[in-house]
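Residue numbers (the numbering used here): 33 to 180. Where a beta carbon is used, it is the ideal one built from N, C-alpha and C, also for glycine. Comments concern the structure below.
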Amino acid sequence: MKNLIPFLLLGVLVSCQKADELTYTEKRLIGSWFYTNVDYTPRWSFRTDITGDYFGQIMTFNEDFSFQFENTATGIVSQGVWEVNQVNAFNAGNNSNQWTDQLVISYTDTTNTIIQQVWDNFCISKNLLNADNTVKDGHFQYQLKRLQ
Numbered sequence: 033m034k035n036l037i038p039f040l041l042l043g044v045l046v047s048c049q050k051a052d053e054l055t056y057t058e059k060r061l062i063g064s065w066f067y068t069n070v071d072y073t074p075r076w077s078f079r080t081d082i083t084g085d086y087f088g089q090i091m092t093f094n095e096d097f098s099f100q101f102e103n104t105a106t107g108i109v110s111q112g113v114w115e116v117n118q119v120n121a122f123n124a125g126n127n128s129n130q131w132t133d134q135l136v137i138s139y140t141d142t143t144n145t146i147i148q149q150v151w152d153n154f155c156i157s158k159n160l161l162n163a164d165n166t167v168k169d170g171h172f173q174y175q176l177k178r179l180q
């Protein structure tokens, strides 16, 4: 029993991630992003390109999990927080569950109302970010590009 305790302690220390250490996905998210394409599909209707509604909007994700949303056209800036979660989602295509990343963004708007967005199927490849956001009346598909 005495020999088992050091191995258990070592296992706990090795398996724990540092609280202040970012995951691979979180590290790739750090920086400023602007919208390059936004599609909205209302329930029971056709997809509409609404990218123009997002012109001049920049999202900045910081290493301390703080977040800034800036509308450069109006000068409005909102502050908040962000986190990346791994969620288990059902895939109807192959009738199985799969893990996917989810981005949760919380911030206050100009009226001090708390806004929370949950972006599913969150994926970053090179300098592009793709995500989906299902809302009560429809579905958004976002594509953002890293600001250089």
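| query | result |
| --- | --- |
| Option in T140, T92, E58, I82 with minimal Cα separation from N69 | I82 |
| For Q118, the nearest candidate out of V167, G112, N129 (CA to CA) | N129 |
| Option nearest W76 by Cα separation, candidates G170, R178, V113 | G170 |
| Pairwise C-alpha distance: F97 and N120 | 23 Å |
| Residue span of the alpha helix (DSSP H) that contains T73, given as start and end | Counting along the chain, T73 falls outside any alpha helix (DSSP H), though it belongs to the beta strand (DSSP E) covering 63-74. |
| Residue from Y139, Y86, Q134, G84 with nearest C-alpha to Q111 | Y139 |
| 8 Å Cβ cutoff met for I146 and N94 | no |
| Proximity to F99 [Cα-Cα], best of S157, T132, W65 | W65 |
| Where W131 falls, given that 16 or more other Cβ within 10 Å makes a residue buried | exposed |
| Pick from K158, V109, L135, W151 that is closest to Q143, judged by C-alpha positions | The question names Gln, yet the displayed sequence has Thr at residue 143. The option with the nearest alpha carbon to T143 is V109. |
| According to DSSP, residues forming a beta bridge with Q175 | N69, N162 |
| Boundaries (first-last residue) of the beta strand (DSSP E) holding T92 | 89-93 |
| Selection from F78, R60, F87, Q180 that minimises the alpha carbon distance to A105 | F87 |
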